[in-house]
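Novice: Residue numbers (our numbering): 3 to 215. Where is the CB? At the ideal position from N, CA and C, for every residue including glycine.
1. Report, in whole angstroms, the separation of the C-beta atoms of residue 78 and residue 101, which I expect to be a contact under 8 Å.
2. Can you give the beta carbon distance from residue 20 to residue 148, rounded, assuming they're within the 8 Å contact cut?
3. Between the beta-carbon of residue 136 and the beta-carbon of residue 98, is there less than 7 Å?
4. Among the residues of its own chain, which have a CB less than 7 Å from the CB of residue 180, if the five just before and after it don't count?
5. Buried or exposed for residue 125, going by 16 or more other Cβ atoms inside 10 Å?
6. If we ignore side chains and look at the alpha-carbon of each, how far apart do residue 42 and residue 18 end up?
7. Tell me whether the beta-carbon of residue 161 lies closer than 7 Å to the beta-carbon of residue 151.
8. Apart from the five residues just before and just after residue 110, which ones in its own chain have a Cβ nearer than 7 Å to its Cβ?
As structure tokens, this is what we get:
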């Protein structure tokens, strides 16, 4: 991937995460759900396509340590949700493995980190339907799988997961063009919040900025 594409991918990720975190604001607008799911699917397809291309893989956005930290950040937050779910359902077995902080993950040696993360991703797949009420989505699961695959590739190991991207592998240029179309539509639909919820709208516009590195 080119640096410009890497910067745009970071923007896609920021927009997707912002919408997930603020879902109660726009939840009643069905088309936003559709656009967000499409954007997430394209984001996954870009990551997978980049890993298939030697030239792109050299330039893929995060280093091994950045990926580890990013995965650790996500896993620590997710473990909090798992911990509450386990307490609510009296699931002692799940509770025993879910009480981990971000720092717990980050200080694990690489081998132990891989084992721990894979175990928790497997638990996410197992409990995904029940975890919906705790703010966990299939898109988040697929994204952490993609990041974990990328982390393993950087360590010279085979990928642990087949990503169920709902988009066939395409040319990177086409994928970025598709994402641009979706975001343009999203911009127009979310413009209604410029007056009704300016704080949310301004946050969305900030996430939409491409930061050139």
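Specialist: Judging by the given coordinates:
1. Position 76 of the chain shown, counting from 1, holds the residue named residue 78. Position 99 of the chain shown, counting from 1, holds the residue named residue 101. About 11 Å separates the two Cβ atoms, so there is no contact after all.
2. Working through the chain shown from its first residue, we reach residue 20 at position 18. Working through the chain shown from its first residue, we reach residue 148 at position 146. Rounded to the nearest angstrom, the Cβ distance from residue 20 to residue 148 is 19 Å, too far for a contact under 8 Å.
3. Position 134 of the chain shown holds residue 136. Position 96 of the chain shown holds residue 98. Going by C-beta atoms, residue 136 is not nearer than 7 Å to residue 98.
4. For the purposes of this step, residue 180 is taken as the residue at position 178 of the chain shown. 44, listed in sequence order.
5. Locating residue 125 in the chain shown gives position 123, where the first residue counts as 1. Taking all protein chains shown into account, residue 125 has 16 or more neighbouring C-beta atoms within 10 Å of its C-beta and is therefore buried.
6. Position 40 of the chain shown, counted from the start, is the residue given in the question as residue 42. Position 16 of the chain shown, counted from the start, is the residue given in the question as residue 18. Roughly 7 Å between the two C-alpha positions.
7. For the purposes of this step, residue 161 is taken as residue 159 along the chain shown, with counting starting at 1. For the purposes of this step, residue 151 is taken as residue 149 along the chain shown, with counting starting at 1. The answer is yes: Cβ separation under 7 Å.
8. Residue 110 sits at position 108 when you count from the first residue of the chain shown. Cβ neighbours of residue 110 within its own chain (closer than 7 Å, five residues either side excluded): 118.
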